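Residue numbers (the working numbering): 16 to 144. Even glycine gets a Cβ: it sits at the ideal position worked out from N, Cα and C. What you are looking at is a predicted structure, and each value in this text was computed from that prediction instead of being measured.
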């Protein structure tokens, strides 16, 4: 078995991928002038309290993922130190921040809107610095 295949299988098994040496900004969040974390489309991204920090997993699938679409990147996009990736059950790569998977809120209608903040009895949160 090649060393590259062993590494790929190891990353898949643990669910978390990082690659500090090779960095790609494609598809990753940025901060607005007021510090709000937004996806590459300018829409606010959220974290979900039910996702265990650094668990390497998302707890949001099916109807949840319809209402809270995950922020994903294309296959081949490399993780960054600031934004590690996890592998979702469907094989897509979801962006995380400080170990928390990131999501959009389907009812946010325009860039920078934060209508999902505090939803689900406070389980959904924005990230602002």
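Take the alpha-carbon of residue 101 and the one of residue 46: they are about 21 Å apart.
In the structure shown, residue 107 falls within a coil segment according to DSSP collapsed to helix, strand and coil. A residue is called buried when at least 16 other Cβ atoms come within 10 angstroms of its Cβ; residue 126 does not meet this threshold and is exposed.
Ranked by Cα distance from residue 116, the options 61, 94, 54 and 97 are led by 61. Under the three-state reduction of DSSP, residue 126 is assigned to coil, being neither helix nor strand. Between the stretch 90-108 and the stretch 58-74 there are three or more inter-stretch CB-CB distances shorter than 8 Å, so the stretches are counted as touching. Distances from the CA of residue 88 to each of 136, 139 and 41 were compared; the closest alpha carbon is that of 41. Comparing alpha-carbon positions, the option among 96, 51, 80 and 91 lying closest to residue 118 turns out to be 80. Residues of the same chain with a CB within less than 6 Å of the CB of residue 50, apart from the 5 flanking positions on each side, are 143 and 144 in chain order.
Residue nearest to residue 82 within the set 97, 90 and 63 is 63 (criterion: CA-CA distance).
Residue burial annotation: residue 131 is buried, with at least 16 other C-beta atoms found within 10 angstroms of its C-beta.
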